[in-house]
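Here the structure is laid out as structure tokens; the discussion comes afterwards.
In the numbering used here, the protein residues as written are 246 to 304.
Here it is, written out as structure tokens:
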């Protein structure tokens, strides 16, 4: 789980360099959704119990 938390932190820092919409992706909304995933992960006891509905979908 430490690896996933590390990747969430790294991608958050990289996406913070952008704002608005890039390549049809709302970066601000994506950051909000990543934040929800991070919070869900913090409450998690075991990785197998992760609720995959939190993962942002890029359309």
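Glycine included, C-beta positions come from ideal geometry on N, C-alpha and C.
Reference residue 280, options 266, 247, 260, 270, closest by Cα: 260
Ranges of the alpha helix (DSSP H) found wholly within the region 267-296, counting only runs of at least 4: 272-288
Distance between residue 273 and residue 264 (C-alpha atoms, nearest Å): 6 Å
7 Å Cβ cutoff met for residue 301 and residue 262: no
Residue 260: first and last residue of the uninterrupted alpha helix (DSSP H) it sits in: 247-260
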